[in-house]
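Worksheet for the structure shown next.
Residue numbers (the working numbering): 9 to 151.
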């Protein structure tokens with residue numbers, strides 16, 4: 009069967025993931041909120057008699073790849089502002105920037121809280137750097 013993740017930030021979305029989905033796809037939240045959502049989804053599944061779910065909780069995140077956080081921010085901020093039509097300050101706290109190692113360190117608490125999937129939107133100076141950076145983040149997270 010194809011796993012279905014239910015996205016959304018509200019508790020209602022998290023509960024829908026527990027009632028019907030194979031995981032919750034979170035975004036724009038802290039690792040603490042992510043852990044709460046994972047617990048709520050799984051508790052909701054238990055309440056409705058769903059057992060044996062192979063959970064695939066995940067986190068969707070834009071990342072700015074650069075030689076340092078300032079370089080990553082210089083690339084990511086304008087891309088997000090253009091896409092969303094909102095200032096960088098609206099996204100900054102949930103958008104890791106820097107080297108693949110710095111970004112992996114930022115993401116690791118989500119893994120510790122139950123994330124098994126990441127939907128990365130990598131922004132870098134070149135397409136090759138996007139691909140290489142995302143691959144390195146993956147390598148670091150599964151090491």
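Note that the Cβ used here is the ideal one computed from N, Cα and C, for glycine as well.
- Residue 57 has its alpha-carbon roughly 44 Å from the corresponding atom of residue 95.
- DSSP, reduced to helix, strand and coil, places residue 125 within a strand of the structure shown.
- Looking at the backbone, the Cα of residue 67 and that of residue 82 are separated by about 23 Å.
- When the five nearest sequence neighbours on each side are left out, the beta carbons in the same chain lying within less than 6 Å of the beta carbon of residue 123 are those of 65, 66 and 67, in order along the chain.
- Bridge partners of residue 73 according to DSSP: 106.
- Where residue 140 is concerned, the enclosing alpha helix (DSSP H) starts and stops at 135-150.
- Partner residues in a beta bridge of residue 62, as assigned by DSSP, do not exist.
- Contact check for residue 38 against residue 72 fails: the beta carbons are separated by 8 Å or more.
- Scanning its chain for C-beta atoms nearer than 7 Å, with the 5 sequence neighbours on each side dropped, one finds around residue 121 the residues 39, 42, 43 and 46, in chain order.
- Residue 33 has 15 and 66 as its beta-bridge partners, per DSSP.
- Annotated three-state conformation of residue 130 is strand, per DSSP.
- Sequence-distant partners of residue 132 (beyond 5 residues in either direction) whose C-beta falls short of 6 Å from its own C-beta, in its chain, are 73, 138 and 141.
- The alpha helix (DSSP H) runs lying completely inside the segment 75-102 and spanning 4 residues or more are 77-92, given in chain order.
- Selection 98, 69, 32 and 23 evaluated against residue 13 yields 32 as nearest (Cα-Cα).
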